[in-house]
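First up is the structure itself, then whatever we jot down about it.
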Amino acid sequence: MQELVEEILPYVDQHYWLPLYSMGNLSAQRERELGYRPTAGNQARLGALRDPLPCWSAFTEGHITHDGKLSACCFDAADKWTMADLNEVSFMDGWNSLSFQNLRSAHLRKDVTGTICEQCVAYNV
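Below, the structure written as structure tokens:
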């Protein structure tokens, strides 16, 4: 990777390394075969890691799916963490929705039991 990064560095504004993450069930078998475990949680960048809870991306980034859903998770590829349908409500209404507020409160308590994040692959590695 370092060789590739050095090649593209003059053309990018910012570069940073991420820990190895799992994208869930599709990679679980391969992880077992290789004998490694990815980093738990969305801990951000190497050199500036954070605790997995609260998950920083639920507070700082809007994740919009291909069909216009606002997701609570940057790993959402299958509408598992949908907070609002932006075809029906504005981004700000979705971002400030009661469901998003409740989810963020659970993250701040560092207890996502009973939320859509409870079964997150990040906490099941």
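So the number in our numbering is just where the residue sits in the sequence shown, counting from 1, plus 1170. Don't be surprised by glycine CBs; every beta carbon is placed ideally from N, CA and C.
{"Asked": "Contacting residues, own chain, Cβ-Cβ under 6 Å from residue 1286 (five flanking each side not counted)", "Found": "1251"}
{"Asked": "Assigned secondary structure, residue 1288 (DSSP; H/G/I helix, E/B strand, else coil)", "Found": "coil"}
{"Asked": "According to DSSP, residues forming a beta bridge with residue 1178", "Found": "For residue 1178, which the question treats as bridged, DSSP gives no partner whatsoever."}
{"Asked": "Beta-carbon spacing of residue 1244, residue 1269 below 8 Å", "Found": "no"}
{"Asked": "Separation of residue 1289 from residue 1247, as counted between CA atoms", "Found": "15 Å"}
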